[in-house]
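Asks: Quick one: this structure, given as structure tokens, is what I'll be asking you about.
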Amino acid sequence: MASKPDDVPNDPSNDPDSLQAHFHAGIAADDIEQVFHLKRAQPILQAFTALFHGGADGVLVRLLVLRELAFDSATSAFTRADINLKLAYLLPESLETVLVRLRSHALLAWDTQGAVYRVTPMARNVLSALDTLLSVGQDGDDAEMGFLLSQVAGAQAVGGVTVEQLKHLLGRLVELTEEFRDAIASGSEFRLRAAQAKWHLACDWVEKGSQILRAITSSEQADGATHQAAQAIGRAQSALLNMQGMFSRALNQIERQRVHLGQSGLSTTDVQRWLLAHADLSSLATGAIDRPLVPLFGTPAEMIDVAETELLAERHTLVGEARLPAGQDAPRTVDHVPAMQVELDDWLVRLSDFANLGN
């Protein structure tokens with residue numbers, strides 16, 4: 033007997049919101065190694081989702097509430113009255129919404145016996161990781177290496193450094209090496225000097241990271257994959273440190289090709305540096321040109337439009353205004369009979385005469 037449609041089991045691939053719907057047919061999502069690791073960390077991912085899902089303003093309010101409670105070292109339990117007093121600057125409705133969301137995702141724990149809220153260990157881990165990223169992120173791009181090294185150093189201190197952490201550090205070293213090589217190949221003095229300054233900062237972090245790598249390679253607890261990743265980082269660090277000569281040769285070549293402007297002592301680099309210091313070059317002409325009209329700096333597209341209009345106007349002037357000709361009467365003509373017709377009529381008359389003579 034044929035089964036009813038309701039008896040057919042649901043196919044996860046048909047659900048657009050399922051994980052399997054994102055993979056090709058015949059490939060199971062659970063067979064992917066990274067999917068296994070991510071599913072195993074599902075509680076932590078759900079905690080991040082609870083904090084960062086939605087608009088930016090909502091995210092800020094949730095982080096604000098959680099940080100205010102977690103940073104209070106005087107107590108670890110908060111009654112609802114304590115929370116209302118600590119966060120009195122928030123609307124009661126907004127505060128209630130945030131507390132319900134944090135509690136439903138295990139970032140806040142509700143102690144029924146004591147009728148108090150407590151910050152969960154998972155919430156403290158999430159805030160700790162976030163605070164580490166925020167603290168190093170305030171220094172710009174040069175802090176990226178510091179954050180990655182701090183993660184490796186912290187994991188090494190507790191004996192839990194992973195291959196993934198080392199690969200993140202290796203990837204950043206490779207990116208920096210490619211970035212510096214592109215700057216050298218560009219031939220731009222300004223780009224070279226900016227890359228060289230960034231290179232010096234990266235070298236400082238490399239020196240600090242060398243001690244961590246020596247500890248990892250000398251550790252008996254590290255497995256083969258960890259040793260290979262550490263050795264790859266060492267080679268990447270060597271390639272990064274060896275770029276000092278490449279920077280020097282590129283800058284020396286630019287120095288030899290520098291053009292000086294007469295006897296003024298100025299060079300094209302000085303002029304370019306002065307121009308780059310002004311965000312709006314057109315403002316330099318304000319008050320400097322004695323003209324009744326403010327000069328207009330147009331783009332090539334606008335210049336072409338203006339030139340086309342001028343050319344059409346000049347052509348119209350040369351050709352002149354086109355008018356219809358004045359009306360004229362049709363000339364009179366005489367309808368002359370063609371000579372051939374006259375001859376044909378005469379021929380017919382003669383033939384008729386011959387016919388009459390015969391009769």
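In this note's numbering, the protein residues as written are 33 to 391. Glycine included, C-beta positions come from ideal geometry on N, C-alpha and C. No experiment lies behind these values; they were computed from the predicted model shown.
Within the same chain, show all residues whose beta-carbon is closer than 6 Å to that of H348, passing over the 5 residues directly before and after it, in chain order.
Replies: Excluding residues within five positions, none has a Cβ falling inside 6 Å.
Asks: Would you say the beta carbon of A155 is closer than 7 Å to some non-hydrogen atom of the ligand NAD?
Replies: The model depicted lacks the ligand NAD and carries no ligand whatsoever.
Asks: DSSP state of A57, grouped into three classes?
Replies: In this structure, A57 counts as coil in the three-state DSSP scheme.
Asks: Check whether the segment 53-62 and the segment 133-142 are in contact - that is, three or more C-beta pairs closer than 8 Å.
Replies: As far as the Cβ criterion goes, the segment 53-62 does not touch the segment 133-142, which means the pair count is below three.
Asks: Note down, in chain order, each residue of its chain lying with its Cβ closer than 6 Å to the Cβ of K71, except the 5 sequence neighbours on either side.
Replies: There are no such residues.
Asks: Do L98 and L51 have their C-beta atoms within less than 8 Å of each other?
Replies: Against a cut-off of 8 Å, the Cβ pair of L51 and L98 comes out as no contact.
Asks: What does a CB cutoff of less than 8 Å around V303 pick up in its chain, not counting 5 residues either side in sequence?
Replies: Once the five neighbours on either side are set aside, the close Cβ partners of V303 are L293.
Asks: As a quick exercise: from A79, T144, A229 and N116, pick the residue whose alpha carbon is nearest that of A155.
Replies: Closest by alpha carbon: A79.
Asks: Let me check one thing: in DSSP terms, what residues is T292 bridge-paired to?
Replies: Note that residue 292 is His in the sequence shown, not Thr. Per DSSP, S299.
Asks: With a threshold of 8 Å on Cβ separation, who are the neighbours of I265 within its own chain once the five nearest residues in sequence on each side are excluded?
Replies: Contacts found: L198, L201, L202, L205, G241 and L245.
Asks: Can you give the Cα-Cα distance for S314 and R355, rounded to whole angstroms?
Replies: Using only the alpha carbons, I get a separation of about 47 Å.
Asks: Thinking C-beta only, is L272 closer than 8 Å to L343?
Replies: Against a cut-off of 8 Å, the Cβ pair of L272 and L343 comes out as no contact.
Asks: Out of A113, V238 and R94, point me to the one whose CA is closest to V130's CA.
Replies: When only C-alpha atoms are compared, the closest one is R94.
Asks: If we count Cβ pairs, one from each stretch, closer than 8 Å, do we get three or more for the segment 223-232 versus the segment 305-314?
Replies: Judged by Cβ distances under 8 Å, the segment 223-232 makes no contact with the segment 305-314, as fewer than three pairs qualify.
Asks: So is W306 buried or exposed if we call it buried at 16+ other beta carbons inside 10 Å?
Replies: Label assigned to W306: exposed.
Asks: What residue does the alpha helix (DSSP H) around D214 start on, and which one ends it?
Replies: D214 -> alpha helix (DSSP H) spans V195 to S218.
Asks: Please state whether the Cβ-Cβ distance between T107 and A147 is less than 8 Å.
Replies: Not a contact, by the Cβ cut-off of 8 Å.
Asks: Rounding to the nearest angstrom, what Cα-Cα distance links H310 and I76 in this structure?
Replies: Roughly 48 Å between the two C-alpha positions.
Asks: Using a Cβ-Cβ cutoff of less than 6 Å, which residues in the same chain neighbour A120 once the five nearest sequence positions on both sides are dropped?
Replies: Hits under 6 Å: none found.
Asks: Secondary structure at A371, three-state DSSP: helix, strand or coil?
Replies: Correct three-state label for A371: helix.
Asks: Quick one: grab the DSSP three-state call for F84.
Replies: Looking at F84 - three-state DSSP - the assignment turns out to be helix.
Asks: For the alpha helix (DSSP H) holding V151, just list the boundary residues, first then last.
Replies: First-last for V151: V148 to V151, but that is the beta strand (DSSP E), not the alpha helix (DSSP H).
Asks: Excluding the 5 residues flanking A387 on each side, which residues of the same chain have their C-beta closer than 7 Å to its C-beta?
Replies: Cβ neighbours of A387 beyond the five flanking positions: none.
Asks: Assign L140 to one of three DSSP states: helix, strand, or coil.
Replies: In this structure, L140 counts as strand in the three-state DSSP scheme.
Asks: When the Cα atoms are used, what is the spatial distance from S299 to S218?
Replies: Rounded to whole angstroms, S299 to S218 spans 20 Å at the Cα level.
Asks: Would you check if the distance between the CB atom of F279 and the CB atom of I336 is smaller than 8 Å?
Replies: Not in contact: F279 and I336 (Cβ atoms no closer than 8 Å).
Asks: Quick one: is G86 buried, meaning 16 or more other Cβ sit within 10 Å of its Cβ, or exposed?
Replies: Classification of G86: exposed, given that the 10 Å Cβ count is below 16.
Asks: Going by DSSP in three states, F110 sits in which element: helix, strand or coil?
Replies: If DSSP states are grouped into helix, strand and coil, F110 belongs with the strands.
Asks: Which residues bound the alpha helix (DSSP H) around V67?
Replies: Element bounds for V67: E65 to R72.
Asks: Name the two residues that bound the continuous alpha helix (DSSP H) containing F222.
Replies: From DSSP, the alpha helix (DSSP H) with F222 extends over E221 to T249.
Asks: Quick one: Cα of A185 to Cα of R223, how far?
Replies: Spanning the two alpha carbons is a distance of roughly 32 Å.
Asks: For G297, which residues in the same chain have their Cβ closer than 6 Å to its Cβ, ignoring the five residues on either side in sequence?
Replies: Nothing listed; no residue qualifies.
Asks: Roughly how many angstroms lie between the CA atoms of W237 and L181, to the nearest whole one?
Replies: Whole-angstrom Cα-Cα distance: 8 Å.
Asks: Check each candidate in I286, Q276, R288 and T194 and name the one with the smallest Cα separation from D255.
Replies: It is T194 whose Cα lies nearest to the Cα of D255.
Asks: Taking the alpha helix (DSSP H) that S50 falls in, what are its first and last residues?
Replies: Element bounds for S50: n/a, residue is neither H nor E.
Asks: Who are the near neighbours of Y149 in its chain, counting only those whose CB is closer than 8 Å to its CB and skipping five residues on each side?
Replies: Taken in chain order, the residues that qualify are L101, A109, F110, T111, R112, I115, L131, R135, L140, A141, W142 and D143.
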